[in-house]
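Take a look at the structure below.
In our numbering, the protein residues as written are 2 to 194.
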């Protein structure tokens, strides 16, 4: 009788695992319709903007409203582009990001919660320059479409702010003229795998 109960328990556990796994949907970035931007004040008088030309967002979710989403974003630091070659080279150097030693910027979510309507709060940890800190972003879910890829696609706009001094990136604003607060935003389309 105990053997039958053990087998029944194992069967039920396996069934629960398979049903849970079956419900998960994986989503990946449509690289032709995604951009990751940043902006920083220069001597307090103008905004200097740039992008990471190479980045990837992965999302796993069972729910259609994504409130159970597990999200990971990775950006290639060597792909920084501010449209000024000398500045890009400097940003990748030891003076700032040290792209040789710390080639990736990585965000991993802890929660993706609905605030109201299509507005969400995305919280997790971001790792830059070898340092990991908690961070939150505002997210707008822009809706659904079946795009030219013929895949069910979801669109998001993500905004937030990062203090570069929290990650020991670059000199002080007084010395470098570069502001401490970095505004970041991304427009991302993700499609079902």
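All C-beta atoms, glycine included, are put in the ideal place defined by N, C-alpha and C. None of these values were measured; they are calculated from a predicted model.
Under DSSP, residue 166 shares a beta bridge with no residue.
Looking at the DSSP output, residue 112 shares a beta bridge with 124. When C-beta atoms of the region 105-113 are compared with those of the region 174-188, fewer than three pairs fall below 8 Å, so the two segments do not count as touching. With a 10 Å radius around the Cβ and a threshold of 16 neighbouring Cβ atoms, residue 86 comes out exposed. Under DSSP, residue 141 forms a beta bridge with 120, 158. If you look at residue 175, you'll find it in the alpha helix (DSSP H) that goes 174-177. With fewer than 16 other CB atoms across the displayed protein chains lying within 10 angstroms of its CB, residue 105 is exposed. For residue 130, no beta strand (DSSP E) run applies, since DSSP gives it neither H nor E. Cα atoms of residue 103 and residue 78: separation of roughly 8 Å, rounded to the nearest angstrom. Annotation note: the region 81-105 contains the following uninterrupted alpha helix (DSSP H) runs of length 4 or greater, listed N- to C-terminal: 86-93. Sixteen is the threshold: when 16 or more other Cβ atoms of the shown chains lie within 10 Å of the Cβ of residue 62, as they do, the residue is buried.
The beta-bridge partner set that DSSP reports for residue 63 is empty. At the C-beta level, residue 142 and residue 123 stay beyond 7 Å of one another. Between residue 190 and residue 34, the gap from beta carbon to beta carbon is short of 7 Å. Residue 74 counts as buried, since at least 16 other C-beta atoms from the protein chains shown sit within 10 angstroms of its C-beta. Annotation: the continuous beta strand (DSSP E) that includes residue 31 extends over 26-43. Going by DSSP, residue 150 is part of no beta strand (DSSP E) at all; its letter is neither H nor E. CA-to-CA, the gap between residue 121 and residue 84 works out to about 32 Å. Residues 60, 113, 121, 142, 155 of the same chain have their beta carbon placed closer than 8 Å to that of residue 67, with the five preceding and five following residues left out of the count.
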